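Numbering (this note's numbering), first residue to last: 152 to 469. We put the beta carbon where it would ideally sit given N, CA and C, even for glycine. Model, not experiment: these values are computed from the prediction.
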Ligand SMILES: [Zn+2]
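Written out as structure tokens, the structure is:
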């Protein structure tokens, strides 16, 4: 089953574009291999509004948002998760508007536990992006902490003619939350489900089992439209999500088969499973394979040497 990816061909940077009734989007100019054309900040409502994912620390994007919000009252600032392309501008917007910030919570885990290996070597594309002042990677915004913590199912914000409900969707990060615009059954999916790409599941904060359960949670919700932070809306949610689930299950089966065939190390598994993929993406692929291995260990099908699974650990069948 192939994933029916959708593209966004005409990003209008910095402009508030009406993309649906009650929904405007302002795209930040921070394109990268993680953010596609850039971060799409959504403004929900007419005169009293909520802002979803203010975006990266960017003066230009902040100015664009202030122009878009001029003369309107901001009821709430909602954050899907604390990656550097989603949450950092929230503090400044809060200051400027007086609105409170709402999210599932700050980053849940000890930062010292996050990355023990050296950062990825920047390639030419990254260097060009950095020179242009663009974001080159999806990093954590550990400084973020919401004024109000949301729980799954809670109403996050309301205004004239709109209601946004928090839908907790851990997987991409532990605190990832989508927001359902109830009046339109439109789901703002952050990075949980994107139209242009699969999402990155990188342990320990990323969790494959949670991610799959959170995909099912969206299926059960049966939204009419998905509005990802990056890229175009997805209008046929059900077959799209089914393709995502199948993609992960196929990959998991491939990882399990590799281990059963005696492949013990992640770099070898990546070479076997990611045929035709640029070696530039091998490191990210390795993190994804690790996420599958952690689930397979949980399932009792694989064991690892050493105290905890990592990218340099050896694996064998249980
Ligand atoms: Zn993210």
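Ligand 1 heavy atoms versus the CB of residue 258: any closer than 7 Å? no
Any idea if residue 217 is buried or exposed, counting beta-carbon neighbours within 10 angstroms, 16 or more meaning buried? exposed
Inter-residue Cα distance where the pair is residue 246 and residue 356: 29 Å
Could you give the residue range of the beta strand (DSSP E) that holds residue 445? Run containing residue 445: none in the beta strand (DSSP E); it sits in the alpha helix (DSSP H), 433-449.
Is any non-hydrogen atom of ligand 1 found closer than 7 Å to the C-beta of residue 319, if you look at the structure I gave you? no
Are the beta-carbon atoms of residue 378 and residue 337 separated by less than 8 Å? yes
C-beta contact flag for residue 181 and residue 205 at 8 Å: no
Residue 294 to residue 255, Cα distance in whole Å? 14 Å
Cβ distance (whole Å) where residue 372 is taken to contact residue 331 below 8 Å: 7 Å
Segment contact, 8 Å Cβ cut-off, at least three pairs: the segment 434-445 with the segment 344-364: yes
In angstroms with no decimal places, state the Cα-to-Cα distance between residue 171 and residue 435. 34 Å
Closest residue to residue 365 among 374, 388 and 319 (Cα-Cα distance): 319
Short of 8 Å in beta carbon distance, which residues of its chain neighbour residue 311, apart from the five on each side in sequence? Order them along the chain. 196, 197, 198 and 199
Quick one: does the C-beta of residue 292 sit closer than 7 Å to a heavy atom of ligand 1? no
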